[in-house]
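Just so you know, the sequences run in chain order A and B. Using UniProt numbering, read the first sequence as starting at 1 and increasing by one per residue. Using UniProt numbering, read the second sequence as starting at 1 and increasing by one per residue. Even glycine gets a Cβ: it sits at the ideal position worked out from N, Cα and C. Here the structure is a predicted model, which is why all the values come from computation and not from measurement. Reading through the C-alpha cells given below for one structure.
There are 2 protein chains.
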Amino acid sequence: MTTTNPTWEPRRLTAVAVELPEGVAPPGTRGRILHAGLKLYADLGFHGTSIRQIAAEVGINSATLYAHYPSKEHILAELVYIGHDGLFRELEQALADAGPSPAERLAALVRAQVYSHTDYPLLALVANSELHALSPESAAPALTLRERSRQLLYEVLIDGVASGAFSVADVTLAGIAIGSMGVRVASWFGPDQPYTREQVAEAFITYAHNIVGAR
Amino acid sequence: MTTTNPTWEPRRLTAVAVELPEGVAPPGTRGRILHAGLKLYADLGFHGTSIRQIAAEVGINSATLYAHYPSKEHILAELVYIGHDGLFRELEQALADAGPSPAERLAALVRAQVYSHTDYPLLALVANSELHALSPESAAPALTLRERSRQLLYEVLIDGVASGAFSVADVTLAGIAIGSMGVRVASWFGPDQPYTREQVAEAFITYAHNIVGAR
DNA sequence: GTCTATACTTTGATAGAC
DNA sequence: GTCTATCAAAGTATAGAC
Chain A
1 MTTTNPTWEP
11 RRLTAVAVEL
21 PEGVAPPGTR
31 GRILHAGLKL
41 YADLGFHGTS
51 IRQIAAEVGI
61 NSATLYAHYP
71 SKEHILAELV
81 YIGHDGLFRE
91 LEQALADAGP
101 SPAERLAALV
111 RAQVYSHTDY
121 PLLALVANSE
131 LHALSPESAA
141 PALTLRERSR
151 QLLYEVLIDG
161 VASGAFSVAD
171 VTLAGIAIGS
181 MGVRVASWFG
191 PDQPYTREQV
201 AEAFITYAHN
211 IVGAR
Chain B
1 MTTTNPTWEP
11 RRLTAVAVEL
21 PEGVAPPGTR
31 GRILHAGLKL
41 YADLGFHGTS
51 IRQIAAEVGI
61 NSATLYAHYP
71 SKEHILAELV
81 YIGHDGLFRE
91 LEQALADAGP
101 SPAERLAALV
111 RAQVYSHTDY
121 PLLALVANSE
131 LHALSPESAA
141 PALTLRERSR
151 QLLYEVLIDG
161 VASGAFSVAD
171 VTLAGIAIGS
181 MGVRVASWFG
191 PDQPYTREQV
201 AEAFITYAHN
211 IVGAR
C-alpha cells in the first residue's frame, strides 16, 4: 500500500449519542465546538483529529474556532476536565445518598461509575484515553480529580476492612481490580449488546463485593 | 497559549524497557525499526508519532524506513499482530500446562494474561490502545486472535458453570470483568509500584475465583 | 540498504475585512 | 463572531545517486 485511501477513516466506537451531562456544555457555538470535539476525539483520537474536521462538524470555518478556544489542546483539556469532574461529583453524591455500611457504600461507588460510563461513553473514553495528549499543566486539574475519586474508593475499602465487613489481603490491588472493571465499561457498552446499565451495575457490584469478601 | 512548546512531549508511560518477546523481532534494521515504533507509539500514540521520529530513534534517515516497511501503518500493524498473537499463544500454552479443574484452568488464564502484560507492557499498550488506528483490513488478523483468546476464557467459564465448579449468574459479564482486570495491567504496573508480577497474578486469580464463585 | 533531495499534502494557527 | 486568504511548519512518501 503506497497511497492512503481518503474515503476510509478509523472508527473507535459504534455510533452512540454525542452527549455531555446537562449544564456543563457552554451555550452557543462554543458548546457546539465542544460536542464536535468530543465526537471526533473519541472516534479518531486527539492527534488523529484536525482542527478543520472539528470546524466542518460544527459547520463553521476553522478560523472561527479560535474565537472560542485558543488552541486545539484547549478543547481537549475542557473535555478531559468535564469528564473527571463529572465522575467525581457522581461518586461524591452516591456516597452522600448511600447507606452507612461499607457494602452499601462500595455498591454506590461501583454503580455511580458504571452509570457515568454507560450514560456518557464518549466523554469517559476521551477523558481516560486522550488525557496523555495534554501537557502536564493542562492535565493536572483532571489528575487531581482522579486522585480524589480514587481516594473515595480506598476510604470505603479501608473502612470495610477495619470494621470486619470486608476481608481482602491487599486493599490497593482490590481497588485497582474494581476500578479496572469500571473504566473499561465505556469501551464495550453500547447499543450492540443486550445489557442495560442497571444489569451491568448490579453484576459489577456483586463482583466487587466478591472481590473484597463482603459478608 | 498561542505557540507550541517544542521542548515538551507528552509521555504516557514511566520508563520501562522497550522489549519484544524473544524471536518475534525481525533481525537487523527492520527489527530496530519495530522496537523504535513500539517505544514511540506506546509513548505518543500512532498519530502522535512521526516517521521522522522513528527514523531518528533508530539512527537512520526517514527514507530508509521505506526499504523495510511500505508505510507507517504497516509498522503498527506488525506490532499489533505480535501483541495479540503472543497473548493468544501464552493463553493456549497456559491451558495446556494447567490442571484439569475449571478453577485451575481459570487461574492459568489469568496468570498468563497478567504476566504477558507485566513482561511486555509497551506491547500490550500498543496492541490494545492503538489498534483503532489501523484500517479494518490491517486490524482483522489481530481481532481474530482477540476473539479466539476471548473464547478460551468463555469455554473455561462455561465448563465451570456446567460442572458446578463455578456459580455465576451471567458468564458474559463475568468474563468481561475478569478480562478488564487483565487488560488494564499494562497501564499501571511498572517500576514505580511495589508489586511483583507474581503478587499481582495471585491476587487477580483470587479475585477471578471470587467473581465466578469458585468452590 | 542507505543516503540526499524533494514533491506534495495537511497541519495548527494568524491577519485582516466585514 | 464569522469569514477569506494565507503563512510557516510538519506530515508521509518518492526519486534517484551511490
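Pair within 8 Å by beta-carbon distance, residue i and residue j
{"i": "A:G75", "j": "A:Y69", "result": "It should be noted that the sequence gives Ile, not Gly, for residue 75 of chain A. Going by C-beta atoms, A:I75 is nearer than 8 Å to A:Y69."}
{"i": "A:G42", "j": "A:L125", "result": "Going by the sequence as given, residue 42 of chain A is Ala instead of Gly. Going by C-beta atoms, A:A42 is nearer than 8 Å to A:L125."}
{"i": "B:V171", "j": "B:I158", "result": "yes"}
{"i": "residue 216 of chain B", "j": "B:F46", "result": "Nothing can be reported for residue 216 of chain B: it is not among the residues displayed for chain B, which extend from 1 to 215."}
{"i": "B:Y120", "j": "B:L20", "result": "yes"}
{"i": "B:V110", "j": "B:I211", "result": "no"}
{"i": "B:S138", "j": "B:E73", "result": "yes"}
{"i": "B:A186", "j": "B:H117", "result": "yes"}
{"i": "A:E104", "j": "A:A98", "result": "yes"}
{"i": "B:V80", "j": "B:L153", "result": "no"}
{"i": "B:S149", "j": "B:F88", "result": "yes"}
{"i": "A:L106", "j": "A:A208", "result": "yes"}
{"i": "B:A140", "j": "B:H84", "result": "no"}
{"i": "B:L38", "j": "B:L123", "result": "yes"}
{"i": "A:V16", "j": "A:R32", "result": "no"}
{"i": "B:V24", "j": "B:I82", "result": "yes"}
{"i": "A:I60", "j": "A:T29", "result": "yes"}
{"i": "B:A55", "j": "B:T64", "result": "yes"}
{"i": "B:L34", "j": "B:P27", "result": "no"}
{"i": "B:A108", "j": "B:A94", "result": "yes"}
{"i": "B:G190", "j": "B:V114", "result": "no"}
Residue burial classification, residue i (beta-carbon count within 10 angstroms, cutoff 16)
{"i": "A:G90", "result": "It should be noted that the sequence gives Glu, not Gly, for residue 90 of chain A. With 16 or more other Cβ atoms within 10 Å, it is buried."}
{"i": "B:A203", "result": "buried"}
{"i": "A:E78", "result": "buried"}
{"i": "B:A162", "result": "exposed"}
{"i": "A:R184", "result": "buried"}
{"i": "A:T206", "result": "buried"}
{"i": "A:G160", "result": "buried"}
{"i": "B:T144", "result": "exposed"}
{"i": "B:P102", "result": "buried"}
{"i": "A:S180", "result": "buried"}
{"i": "B:A96", "result": "exposed"}
{"i": "A:G164", "result": "exposed"}
{"i": "A:A36", "result": "buried"}
{"i": "A:R11", "result": "exposed"}
{"i": "residue 234 of chain A", "result": "Since the displayed chain A opens at 1 and closes at 215, residue 234 of chain A lies outside it and no answer follows."}
Closer than 8 Å at the beta carbon, the chain A residues around residue i
{"i": "B:A203", "result": "A169, D170, L173, A174, A177"}
{"i": "B:P10", "result": "H132, A133, L134, S135"}
{"i": "B:I51", "result": "Residues of chain A passing the Cβ test: none, with the nearest at roughly 13 Å."}
{"i": "B:I33", "result": "Residues of chain A passing the Cβ test: none, with the nearest at roughly 17 Å."}
{"i": "B:I158", "result": "Ordered by position in chain A, no residue passes the 8 Å Cβ test against B:I158, which lies about 17 Å from the chain."}
{"i": "B:Y154", "result": "Here the premise fails: no neighbours, minimum Cβ distance about 14 Å."}
{"i": "B:I75", "result": "The contacting residues do not exist; B:I75 stays about 12 Å from chain A at best."}
Partner residues on chain B for residue i, Cβ-Cβ distance less than 8 Å
{"i": "residue 225 of chain A", "result": "For chain A, the structure presents residues 1 to 215; residue 225 of chain A sits outside this window and is missing."}
{"i": "A:R197", "result": "Correct list: empty, because the minimum Cβ distance to chain B is about 12 Å."}
{"i": "A:S129", "result": "S129"}
Chain-ordered chain B contacts of residue i [CB-CB under 7 Å]
{"i": "A:H117", "result": "Within 7 Å Cβ-Cβ: nothing; A:H117 doesn't reach chain B, min ~11 Å."}
{"i": "A:I60", "result": "Under the 7 Å cutoff, chain B gives no residues; its nearest Cβ is about 20 Å from A:I60."}
{"i": "A:H47", "result": "G45, H47, G48"}
{"i": "A:Y81", "result": "Residues of chain B passing the Cβ test: none, with the nearest at roughly 16 Å."}
Contact set between residue i and chain B, taken where Cβ atoms lie within less than 9 Å
{"i": "residue 228 of chain A", "result": "There is no way to answer for residue 228 of chain A, as the model of chain A reaches only from 1 to 215."}
{"i": "A:Y120", "result": "The contacting residues do not exist; A:Y120 stays about 18 Å from chain B at best."}
Contact set between residue i and chain A, taken where Cβ atoms lie within less than 7 Å
{"i": "B:I54", "result": "Here the premise fails: no neighbours, minimum Cβ distance about 15 Å."}
Neighbouring residues, chain A, relative to residue i (Cβ below 9 Å)
{"i": "B:Y69", "result": "Those within 9 Å of B:Y69 in chain A number zero; the least Cβ separation is about 10 Å."}
{"i": "B:Y41", "result": "Those do not exist, as B:Y41 stays about 11 Å from chain A at its closest Cβ, beyond 9 Å."}
Problem - Near-chain A residues of the region 140-152 of chain B - C-beta to any C-beta below 7 Å - result: none
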